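Have a look at the structure below, then the notes.
In the numbering used here, the protein residues as written are 1338 to 1570.
So, in structure tokens, the structure goes:
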């Protein structure tokens, strides 16, 4: 088949258009696959199926969550070495043990997470308010349940900006559970988050934006606790 100059240009143009379309579809497919992987990791990182199905302290607070995430890690230290690090968490307290660059970039006003146990921050009981933002924001958690040495459950209904609280709902819990492993020489640390959100756009944003970000933040927190409890900080 012989092509004239004009026919060749048209054919090349059509081929280029088809190629661009294929590229768009490939890029879209890759983006969807990446998002799906991050959502999966954001909901399950480090946890086993049995852990995700288990009933934990705090589950009774949010009985029918829109979203549940479970993250877990094994720590080469007994639960007694892990527990004090959990009691002192919070804004203006010991931080959340996120990576140093995260503390500096996202929470500069809060300073880096603590690398030592502060006895002054160990007095925590049901009803204690744990800040999660600067003074005046009212953002934070209340200790909903406490099983000394085993489980700490935090609850918040205050994480939405004040001007959104009459239009949307966010009620969530964080459960931190430590279990002895290998005869008590090691610890299995399980972190579960359960949310109830409304309206639909809050739920959608939580599932597809917050959950992937939670993979990074929760992973860093678990690793931060492990490093400190093992004395490697």
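Think of the CB as a built atom: it goes at the ideal place given N, C-alpha and C, for glycine as much as any other residue. Keep in mind that this is a model prediction, so the values were computed, not measured.
Contact belief for residue 1471 with residue 1446 at Cβ below 8 Å, rounded distance in angstroms: The residue you call residue 1471 lines up with position 134 of the chain shown. The residue you call residue 1446 lines up with position 109 of the chain shown. Sure, about 6 Å apart at Cβ, within 8 Å.
Find the nearest neighbour of residue 1533 within the set 1389, 1393, 1390 and 1401, judged by alpha-carbon distance. Taking the first residue of the chain shown as 1, we reach residue 1533 at position 196. The residue with the shortest Cα to Cα distance from residue 1533 is 1401.
Please check the pair residue 1408 and residue 1384, which I expect to be a contact at CB under 8 Å, by giving their CB distance rounded to whole angstroms. Indexing the chain shown from 1 puts residue 1408 at position 71. Indexing the chain shown from 1 puts residue 1384 at position 47. So it is a contact: roughly 6 Å between Cβ atoms.
Which class does residue 1489 belong to by DSSP, given the choice of helix, strand or coil? Within the chain shown, residue 1489 is the residue found at index 152, counting from 1. Reduced to three states, the DSSP call for residue 1489 is strand.
At 4 residues or longer, and completely inside the region 1378-1466: list those alpha helix (DSSP H) runs for me, N to C. 1386-1390, 1416-1424 and 1437-1443
Where residue 1367 falls, given that 16 or more other Cβ within 10 Å makes a residue buried: Here residue 1367 is taken as the residue at index 30 of the chain shown, counted from 1. For residue 1367, the pLDDT reaches just 47, beneath the cut-off of 50, and the residue's location in the model is therefore unreliable, although a value from the coordinates is still provided. Classification of residue 1367: exposed, given that the 10 Å Cβ count is below 16.
Cβ neighbours of residue 1450 in the same chain (closer than 7 Å, five flanking residues each side left out): Working through the chain shown from its first residue, we reach residue 1450 at position 113. For residue 1450, where only same-chain residues beyond five positions count, the Cβ hits under 7 Å are 1431, 1432, 1433, 1434, 1435, 1440 and 1561.
Quick check: residue 1525 and residue 1406, are their CB atoms within less than 8 Å of each other? Stepping through the chain shown from its first residue, residue 1525 is reached at position 188. Stepping through the chain shown from its first residue, residue 1406 is reached at position 69. Not closer than 8 Å, so no.
So what does DSSP say about residue 1561, is it helix, strand or coil? Counting from one through the chain shown, the residue named residue 1561 turns up at place 224. Residue state, collapsed to three classes: helix.
Where does residue 1566 sit, in a helix, a strand or coil, going by DSSP? Translated into positions along the chain shown, residue 1566 becomes position 229. Here residue 1566 sits in helix by DSSP.
Is the separation between the beta-carbon of residue 1452 and that of residue 1556 shorter than 8 Å? One-based indexing of the chain shown puts residue 1452 at position 115. One-based indexing of the chain shown puts residue 1556 at position 219. No, the pair does not count as a contact, with Cβ atoms beyond the cut-off.
Assuming the contact rule is C-beta atoms closer than 8 Å, residue 1469 and residue 1520 should be a hit. Round their C-beta distance to whole Å, please. Here residue 1469 refers to the residue found at position 132 of the chain shown. Here residue 1520 refers to the residue found at position 183 of the chain shown. That pair is no contact at about 36 Å.
Going by alpha carbons, who is nearest to residue 1535 out of 1494, 1515 and 1512? Residue mapping note: residue 1535 aligns to position 198 of the chain shown, counting from 1. Of the listed residues, the one whose Cα sits closest to residue 1535 is 1494.
Give me the Cβ distance between residue 1487 and residue 1514, rounded to the nearest whole Å; I'm assuming they're in contact under 8 Å. As a first step, residue 1487 is located in the chain shown; it is residue number 150 there, counting from the start. As a first step, residue 1514 is located in the chain shown; it is residue number 177 there, counting from the start. The pair is a contact, with the Cβ atoms about 7 Å apart (cut-off 8 Å).
Return yes when the C-beta of residue 1547 is under 7 Å from any heavy atom of the ligand SAH, and no when it is not. As far as ligands go, the structure on display features none, and thus does not contain the ligand SAH.
Would residue 1505 and residue 1394 be called neighbours here (beta carbons separated by less than 8 Å)? Sequence index remark: in the chain shown, residue 1505 carries index 168 (1-based). Sequence index remark: in the chain shown, residue 1394 carries index 57 (1-based). Cβ atoms of residue 1505 and residue 1394: not closer than 8 Å.
Less than 8 Å between the C-beta atoms of residue 1465 and residue 1490, yes or no? Position 128 of the chain shown, counted from the first residue, corresponds to residue 1465. Position 153 of the chain shown, counted from the first residue, corresponds to residue 1490. Result no, Cβ atoms of residue 1465 and residue 1490 do not sit closer than 8 Å.
To the nearest angstrom, how far is it from the Cα of residue 1456 to the Cα of residue 1390? By 1-based counting over the chain shown, the position of residue 1456 is 119. By 1-based counting over the chain shown, the position of residue 1390 is 53. Distance between the alpha carbons of residue 1456 and residue 1390: 35 Å.
Just curious, the beta strand (DSSP E) that residue 1507 is in, first and last residue? Position 170 of the chain shown, counted from the first residue, corresponds to residue 1507. Residue 1507 -> beta strand (DSSP E) spans 1506-1518.
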